[in-house]
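Notes to accompany the following structure.
Number of protein chains: 2
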Amino acid sequence: MRHSGNTNPPGRQKLIKALSTLLKTKHFQAITTAEIAATAGVTEGLIYKYFKDKQDLLYQVLYEHFTAFHLEVKQRMAPAETAVDKVEILIRSSLKSYTENRVFARMLLLEVRSTPAYFATDAYGVARGFARTLRGVIEDGIARGEIDRRIDPLLLTKCILGSIEHACLGEILFSRQLDVDSTTATLSHILFHGVRAQ
Amino acid sequence: MRHSGNTNPPGRQKLIKALSTLLKTKHFQAITTAEIAATAGVTEGLIYKYFKDKQDLLYQVLYEHFTAFHLEVKQRMAPAETAVDKVEILIRSSLKSYTENRVFARMLLLEVRSTPAYFATDAYGVARGFARTLRGVIEDGIARGEIDRRIDPLLLTKCILGSIEHACLGEILFSRQLDVDSTTATLSHILFHGVRAQ
DNA sequence: TTGGTAAGGTAAGTAACGCTTACTTACCAG
DNA sequence: CTGGTAAGTAAGCGTTACTTACCTTACCAA
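In order, the protein sequences belong to chains A and U.
Numbering-wise (the working numbering), the first sequence opens with residue 1 and increments by one.
Numbering-wise (the working numbering), the second sequence opens with residue 1001 and increments by one.
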């Protein structure tokens, strides 16, 4: 659950910003609550006023990033006319966002998934919403006769999301560069034309 | 690094077995060293005789499972003649193994990735070897004219592995059943024929 | 037999960390 | 003023991963 109520006290904002900053230089498990509080300029106890526990703070940082990301992708896809174009935009946007914002990518692809509690959070809710958006595009493409109707839209959604993640995971892990355009092109080619020769 | 030397003392074996057992009922972070030792019937200190730390114990449990899995997949692929058949066998074997051995799947897909230390372990080395095996099959398929030579084999490898993982992740997380055969068939169809209508 | 050595295993403790509790201060409506 | 509530603090408590020093047993050479 997200912070309920309509206030957003400065202490809470400072804590979220502090963790975001710290995640740039070290991974979550190596960051202590004392460190977060010190960086935010508040005391440790305040964390537990606004967040259930240390993990919950991480989830809310992710939630803020992910919500913005989801919105951006939807806006970029909007002008495209065909489902195929929309999917390609989603792939490109995702790869671009992951490589440009590696803290966010590490959080989403590596950090948060390690504990079951994540899958009950609002952040995971956004992830599901993102998948639902993609699924909607695919179902639309099937309805319009663009995409083969024998294919299960849910599985194709998973396939696309999995491919995107794995396509950039190595680069994110080892801080290597990624050619977003050529990766997008190859990924689209595989998905839409298949890999068989001829 | 794995336990070096040619001995494998009973205490070490008991610890590995104990963690494997405990992972069936709770996730790694919720398991304490005291619990592992008690389950194994040894004292806590012995963990640090054979393993660098608690995480290292997890990595070695994973190493044992993963090595066996990799070997099994290679053996199953061997009789197949075409690259396309081999890939389909790899997909089916992976899905089957993940769904039948969910502790292993959770470890591999969720638990271990959360800390950077994993990517320097032998277990990750096996994961890389598995990817290399698949890549070899694909390169062979390209050389034989089965697979479109314009496609980057490395990216196709990542695409396949990512699709497999995402195809069963939800089922593993929420303990749902997975139809291995139909999932394999659809995944293969997407990869080899593409998703475009006609 | 003896004495040295090394491996297998134990017991007790420690520092650090996440989290809680009880308290203070600031603000604001009636 | 006054009462109530939200924001923030200070200090400590329990757990947990990990360390250190020690004990026991088996083996083998002189």
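C-beta atoms are modelled at their ideal positions from N, C-alpha and C, and glycine is treated no differently.
Asked	Found
Ends of the alpha helix (DSSP H) at R132 (chain A)?	122 to 143
Please state whether DSSP places M1001 (chain U) in a helix, a strand or coil.	Interpretation of M1001 (chain U) is limited by its pLDDT of 47, a score under 50 that renders its predicted location unreliable; no figure is taken from the coordinates.
Across the stretch 1044 to 1061 of chain U and the stretch 1069 to 1078 of chain U, are there enough close Cβ pairs to call them in contact, namely three or more that are closer than 8 Å?	no
By DSSP, does I1147 (chain U) sit in helix, in strand, or in coil?	strand
Assign K24 (chain A) to buried or exposed, taking buried as 16 or more other Cβ atoms, counted over all protein chains shown, within 10 Å of its Cβ.	exposed
If you check the beta carbons only, do V180 (chain A) and L95 (chain A) fall under 8 Å apart?	yes
When you compare the CB of S97 (chain A) with every CB in chain U, is at least one pair closer than 8 Å?	no
Just list the residues that DSSP pairs R1102 (chain U) with in beta bridges.	None; R1102 (chain U) has no bridge partner.
Would a C-beta distance cut-off of 8 Å place I160 (chain A) and R106 (chain A) closer than the cut-off?	no
If we count the other Cβ atoms within 10 Å of its Cβ and call it buried at 16 or more, is M1 (chain A) buried or exposed?	Below a pLDDT of 50, predicted positions are generally treated as unreliable, and M1 (chain A), at 44, falls in that range; no measurement from the model is reported.
Can you list the alpha helix (DSSP H) stretches of 4 or more residues lying completely in the stretch 15 to 75 of chain A, in chain order?	33 to 40, 47 to 50
Taking C-beta pairs closer than 7 Å, name the residues in chain A that V1195 (chain U) reaches, listed in chain order.	I147, D148, I151, L156, L191, F192
Sorted by chain position, which residues of the same chain lie with C-beta nearer than 6 Å to R1149 (chain U)'s C-beta, five sequence neighbours on each side aside?	I1142
Using a Cβ-Cβ cut-off of 8 Å, state whether T186 (chain A) counts as contacting chain U.	yes
Output the boundary residues of the alpha helix (DSSP H) element that contains E165 (chain A).	153 to 173
Can you tell me which residues form a DSSP beta bridge with R196 (chain A)?	U:I1147
How close, in whole Å, do the beta carbons of A1131 (chain U) and T1157 (chain U) come, if the pair is a contact with beta carbons under 8 Å?	6 Å
Counting only beta-carbon separations shorter than 8 Å, does Q177 (chain A) have a partner in chain U?	no
Looking only at its own chain, which residues have a Cβ that is under 7 Å from the Cβ of F28 (chain A), when we skip the five neighbours before and after it?	L58, E111
Which residues, taken in chain order from the stretch 106 to 130 of chain A, show a beta carbon closer than 7 Å to some beta carbon of chain U?	L110, E111, R113, S114, T115, P116, F119
Should M1 (chain A) be flagged as near chain U, meaning a C-beta pair shorter than 8 Å?	Note that M1 (chain A) has pLDDT 44, beneath the 50 cutoff, so the model's placement of it is unreliable and the number below is only indicative. No, no contact with chain U.
What does L173 (chain A) touch in chain U if you count any residue whose Cβ is under 7 Å from its own?	F1119
Can you list the residues of chain A that Q1029 (chain U) reaches, using a CB-CB cut of under 8 Å?	S114, T115
Should H1070 (chain U) be flagged as near chain A, meaning a C-beta pair shorter than 8 Å?	no
With 16 other CB atoms within 10 Å as the buried threshold, where does R1144 (chain U) fall?	exposed
Which of the three DSSP states is assigned to D1179 (chain U) in this structure?	coil
Establish whether the CB of E1165 (chain U) and some CB of chain A are separated by less than 8 Å.	yes
Alpha carbon to alpha carbon, how far is V1137 (chain U) from K1086 (chain U)?	7 Å
Does any residue of chain A bring its CB to less than 8 Å from the CB of T1183 (chain U)?	yes
Rounded to whole angstroms, what is the Cα-Cα separation between F1174 (chain U) and V1084 (chain U)?	31 Å
Can you tell me the Cα-Cα spacing of Q177 (chain A) and T115 (chain A), whole angstroms?	29 Å
Taking only beta-carbon positions, decide if L161 (chain A) is within less than 8 Å of chain U.	yes
Using only CA atoms, which one of U:Q1060, U:A1123, U:R1076 lies nearest to N1008 (chain U)?	U:Q1060
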